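Here the protein sequences line up with chains Y and W, keeping their order. Each residue of the first sequence is one higher than the one before, starting from 1 at the first, in the working numbering. Each residue of the second sequence is one higher than the one before, starting from 1001 at the first, in the working numbering.
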Amino acid sequence: KNQVEQSPQSLIILEGKNCTLQCNYTVSPFSNLRWYKQDTGRGPVSLTIMTFSENTKSNGRYTATLDADTKQSSLHITASQLSDSASYICVVSALGTYKYIFGTGTRLKVLA
Amino acid sequence: SQTIHQWPATLVQPVGSPLSLECTVEGTSNPNLYWYRQAAGRGLQLLFYSVGIGQISSEVPQNLSASRPQDRQFILSSKKLLLSDSGFYLCAWGDNEKLFFGSGTQLSVL
Chain Y
1 KNQVEQSPQS
11 LIILEGKNCT
21 LQCNYTVSPF
31 SNLRWYKQDT
41 GRGPVSLTIM
51 TFSENTKSNG
61 RYTATLDADT
71 KQSSLHITAS
81 QLSDSASYIC
91 VVSALGTYKY
101 IFGTGTRLKV
111 LA
Chain W
1001 SQTIHQWPAT
1011 LVQPVGSPLS
1021 LECTVEGTSN
1031 PNLYWYRQAA
1041 GRGLQLLFYS
1051 VGIGQISSEV
1061 PQNLSASRPQ
1071 DRQFILSSKK
1081 LLLSDSGFYL
1091 CAWGDNEKLF
1101 FGSGTQLSVL
């Protein structure tokens, strides 16, 4: 069964600190993996998208990694800011389908 | 550039009333269109997707229906809302490279 699991479920860090969010998936055949940021009451906004051949992709203070062999991805946030407080969602798509498999997200709270 | 419009932003409806949520996409043609629902603190649940005009695939049996009367228009409807229909509804369009979401509609059924 195609699944995407994220950890931790929630995370609290102090402003300026780094953090890493995890995503494990069992989607096959793999097409691509995306990370989204979702503010409360808003639609998700894309941070990165990675295909099978990509190991790392950065978007400002966000760096995503992908290990297609172990089917794991991580999202690293550097020098966190209060505005990073949001839910971060990992989304995986399978080849040959129009569907996307969503993780349940990690709720990050950055404190001053 | 591509944009996606979804409205209304919030909606409060009594049980048994009808529902119509609309989503339109600009800047692309023949997009794959999606309706998702997100319960509070939960992940996104796919409700419907469409790969072309008049082509609707339903993922879960429920009180809702979807229609695509035009290439870039996707409508979510219900004839009679249930309390369990409350949630955050998101429209999205995508292809192999992109997946963009609308701003969402918070529906409260009372």
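The beta carbon of each residue, even a glycine, is placed where N, CA and C say it ideally should be. Just so it is clear, the structure is predicted and the values come from calculations on it, not from any experiment.
Legend entry - Extent of the continuous beta strand (DSSP E) run through Asp67 (chain Y): It spans Tyr62 to Asp67 - the beta strand (DSSP E) in which Asp67 (chain Y) sits, taken as one unbroken run.
Legend entry - Proximity test, Cβ basis, 7 Å: Tyr98 (chain Y) and chain W: Taking 7 Å as the threshold, the shortest C-beta distance from Tyr98 (chain Y) to chain W falls below it.
Legend entry - Under the three-state DSSP convention, the category Ser1017 (chain W) falls into: Three-state result, Ser1017 (chain W): coil.
Legend entry - Lys71 (chain Y) versus Asn18 (chain Y): straight-line alpha-carbon distance, rounded: Taking the straight line from one Cα to the other gives about 23 Å.
Inset, instruction - Compile a chain-ordered list of the residues in the stretch 32-53 of chain Y whose CB is closer than 9 Å to at least one CB of chain W. - result: Correct list: Asn32, Arg34, Tyr36, Gln38, Gly41, Arg42, Gly43, Pro44, Val45, Ser46 and Ile49.
Inset, instruction - With a 10 Å radius around its C-beta and 16 neighbouring C-beta atoms as the bar for buried, classify Leu1083 (chain W) as buried or exposed. - result: Leu1083 (chain W) comes out exposed.
Inset, instruction - May I ask you to report which of helix, strand or coil DSSP gives Leu47 (chain Y)? - result: Strand at Leu47 (chain Y).
Legend entry - Reduced DSSP secondary structure (H/G/I, E/B, other) of Ser1084 (chain W): Ser1084 (chain W) sits in a helix when the DSSP states are folded into three classes.
Inset, instruction - Find the residues of chain W that neighbour Thr104 (chain Y), judging by a C-beta separation of less than 7 Å, and give them in chain order. - result: Ordered by position in chain W, the residues that pass the 7 Å Cβ test against Thr104 (chain Y) are Arg1042 and Gly1043.
Legend entry - Leu75 (chain Y) versus Gly1016 (chain W) - alpha carbon distance: Each residue's Cα considered, the two are about 43 Å apart.
Inset, instruction - Spatial neighbours of Asp1071 (chain W) within its chain, please: CB distance less than 7 Å, with the 5 preceding and 5 following residues excluded, ordered by chain position. - result: Correct list, in chain order: Ser1029, Asn1030 and Ile1053.
Legend entry - Whole-number beta carbon distance between Glu15 (chain Y) and Leu95 (chain Y), since they are thought to touch under 8 Å: Your pair Leu95 (chain Y) and Glu15 (chain Y) does not check out as a contact, with CB atoms roughly 40 Å apart and the cut at 8 Å.
Inset, instruction - Have a look at W:Leu1021, W:Lys1098 and W:Gln1038 and flag the residue whose alpha-carbon is nearest the alpha-carbon of Gly1027 (chain W). - result: Residue W:Lys1098 holds the alpha-carbon nearest to the alpha-carbon of Gly1027 (chain W) among W:Leu1021, W:Lys1098 and W:Gln1038.
Inset, instruction - Verify whether the separation of the beta carbon atoms of Tyr98 (chain Y) and Val1051 (chain W) is less than 7 Å. - result: Cβ atoms of Tyr98 (chain Y) and Val1051 (chain W): closer than 7 Å.
Inset, instruction - For Gln1106 (chain W), go through chain Y and note every residue whose CB falls closer than 9 Å to its CB, in chain order. - result: Gln1106 (chain W) reaches chain Y at Gly41, counting residues in chain order whose Cβ is nearer than 9 Å.
Inset, instruction - Go ahead and label Lys37 (chain Y) buried or exposed: buried means 16 or more other beta carbons lie within 10 angstroms of its beta carbon, across all protein chains shown. - result: The residue in question, Lys37 (chain Y), is buried, as its Cβ has 16 or more Cβ neighbours within 10 Å.
Inset, instruction - Kindly list the residues whose CB is nearer than 7 Å to the CB of Ser1001 (chain W), restricted to its own chain and excluding five residues on each side of it in sequence; keep chain order. - result: Taken in chain order, the residues that qualify are Gly1027.
Legend entry - Environment of Thr48 (chain Y) [buried if 16+ CB atoms lie within 10 Å]: Buried is the call here.
Legend entry - Members of the stretch 1019-1041 of chain W near chain Y, C-beta cut-off 7 Å: Within the stretch 1019-1041 of chain W, the residues whose Cβ lies closer than 7 Å to some Cβ of chain Y are Asn1032, listed in chain order.
Inset, instruction - Check the Cβ of Gly1102 (chain W) against every Cβ in chain Y and list those closer than 8 Å, keeping chain order. - result: By Cβ distance, chain Y contributes Gly43.
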